[in-house]
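K.L.:
Line by line, the protein sequences give chains A and B.
The first sequence runs 1 to 111 under UniProt numbering.
The second sequence runs 1 to 111 under UniProt numbering.
Let me give you the structure first, and then I'll get to my questions.
2 protein chains.
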Amino acid sequence: MKNSQLYKGSLNTIIMKLLEENGKMYGYEITQKVKAITQGELNITEGALYPALHKLEADGFLDVEIEKVDNRMRKYYKLTESGEKETVNRLSELEDFIRNMQSLVNPKLEF
Amino acid sequence: MKNSQLYKGSLNTIIMKLLEENGKMYGYEITQKVKAITQGELNITEGALYPALHKLEADGFLDVEIEKVDNRMRKYYKLTESGEKETVNRLSELEDFIRNMQSLVNPKLEF
DNA sequence: AAACATACATAAGTTTCTTATACATAACAA
DNA sequence: TTGTTATGTATAAGAAACTTATGTATGTTT
């Protein structure tokens, strides 16, 4: 991740959402996609990403498929059925979180 | 805090925003205010709150003023000048964070 | 008398991250 | 041809922010 502590705890949700959207992705691709979408503001580090992917796999939310492209290894991840259900929950939690943060920070707008 | 990991990293920003808005507050008051604003969805635990307040004070962002009300101690915190500046920065970071998360999660809406 | 609310505090442990390092191939620049 | 950048994965040590549990103390409600 980068700069602000705020991103702590959001990495898993980001990964799962991207996989839900794109079917399957490999680690490096995820970092580039996130960088592009956030216009360079969020840079996921390998030290954060790979352990997160391994944990999601160990939890049964992701399946792995290894491919060799241009003589380089790629580990493609995709959501399992369990992972798809979990993604729905996490996205719902994210919406609640954002709504709550906006209520806290912008109380004028809440009613 | 509660449930979702997403709130990790947002506590300091929440505290500082509430202090900016209300002038001075004591710890317990902050927990009740947050609970009320989020309709019970976010419960700040003492184990998270008090160390956070002490650290913000140690960093020079908060001043303390002890009062005794109904024979019970209250430690009122308020932002220092430095704390006010920092609050502006953190709120700006929070806006960026929310915008980035919405871009990641709801790519249809970004353009 | 017991439970709950108010009010603060800390210690042990967990999770999630940062920072640094490591390995390997390919492309490009000096 | 040698160094840098890009692609691609991985782990280990340490920091930071939290959870959970516990402790102290007073006031209020059941």
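Quick reminder that beta carbons are idealized off the backbone N, C-alpha and C, glycines included.
Taking residue 82 of chain A as the reference, which of A/63, A/42, A/14 has the closest Cα?
P.N.:
Among A/63, A/42, A/14, the Cα nearest to that of residue 82 of chain A is on A/63.
K.L.:
So, does the CB of residue 60 of chain A fall closer than 8 Å to a CB anywhere in chain B?
P.N.:
With 8 Å as the cut-off, residue 60 of chain A does not count as an interface residue toward chain B.
K.L.:
Check whether the region 87-106 of chain A touches the region 67-74 of chain A, taking contact to mean three or more Cβ pairs, one atom from each stretch, closer than 8 Å.
P.N.:
Output reads no: the region 67-74 of chain A does not touch the region 87-106 of chain A.
K.L.:
Among A/101, A/104, A/100, A/61, which residue has its Cα nearest to the Cα of residue 24 of chain A?
P.N.:
Selected option, being the one with the closest Cα: A/61.
K.L.:
Can you list the residues of chain A that residue 25 of chain B reaches, using a CB-CB cut of under 7 Å?
P.N.:
Chain A residues near residue 25 of chain B: none, gap ~13 Å exceeds 7 Å.
K.L.:
Can you tell which of B/9, B/54, B/38, B/39 has the C-alpha that lies nearest to the C-alpha of residue 26 of chain B?
P.N.:
Per the Cα distances, B/54.
K.L.:
Label residue 67 of chain A either buried or exposed according to how many other C-beta atoms from any shown protein chain fall within 10 Å of its C-beta, with 16 as the threshold for buried.
P.N.:
By the 10 Å Cβ count, residue 67 of chain A comes out exposed.
K.L.:
Identify the contact partners of residue 117 of chain A in chain B, using a Cβ-Cβ distance below 9 Å as the criterion.
P.N.:
Because chain A here runs from 1 to 111, residue 117 of chain A falls outside it and cannot be looked at.
K.L.:
Looking only at its own chain, which residues have a Cβ that is under 7 Å from the Cβ of residue 17 of chain B, when we skip the five neighbours before and after it?
P.N.:
If we look at residue 17 of chain B and ignore the five residues flanking it on each side, its Cβ neighbours are 87, 91.
K.L.:
Pull the bridge partners of residue 73 of chain A from the DSSP assignment, please.
P.N.:
DSSP lists A/68 as partners of residue 73 of chain A.
K.L.:
Using a threshold of 8 Å, state whether the C-beta atoms of residue 56 of chain B and residue 12 of chain B are closer than that.
P.N.:
Yes.
K.L.:
Ends of the alpha helix (DSSP H) at residue 85 of chain B?
P.N.:
Its alpha helix (DSSP H) spans residues 81-105.
K.L.:
I'd like to know whether the C-beta of residue 98 of chain A is nearer than 8 Å to at least one C-beta of chain B.
P.N.:
Cβ-Cβ to chain B under 8 Å: yes for residue 98 of chain A.
K.L.:
Using 8 Å as the Cβ pair cut-off and three pairs as the minimum, do the region 95-105 of chain A and the region 37-51 of chain B touch?
P.N.:
Touching, yes, given that three or more Cβ pairs across the two stretches are closer than 8 Å.
K.L.:
Give me the chain A residues within the contact set of residue 37 of chain B, using Cβ-Cβ distance strictly less than 9 Å, ordered along the chain.
P.N.:
100, 103, 104, 107, 110, listed in chain order.
K.L.:
Taking DSSP's pairing of strands, which residues face residue 63 of chain B in a bridge?
P.N.:
The partner list for residue 63 of chain B (beta bridge, DSSP) reads B/78.
K.L.:
Within the same chain, show all residues whose beta-carbon is closer than 8 Å to that of residue 52 of chain B, passing over the 5 residues directly before and after it, in chain order.
P.N.:
Within the same chain, residue 52 of chain B has close Cβ partners 11, 12, 15.
K.L.:
First and last residue of the beta strand (DSSP E) that includes residue 26 of chain B?
P.N.:
Per DSSP, residue 26 of chain B belongs to the beta strand (DSSP E) from 24-26.
K.L.:
Should residue 28 of chain B be labelled buried (16 or more other beta-carbon atoms within 10 Å of its own) or exposed?
P.N.:
Looking at its Cβ environment, which holds fewer than 16 other Cβ atoms inside 10 Å, residue 28 of chain B is exposed.
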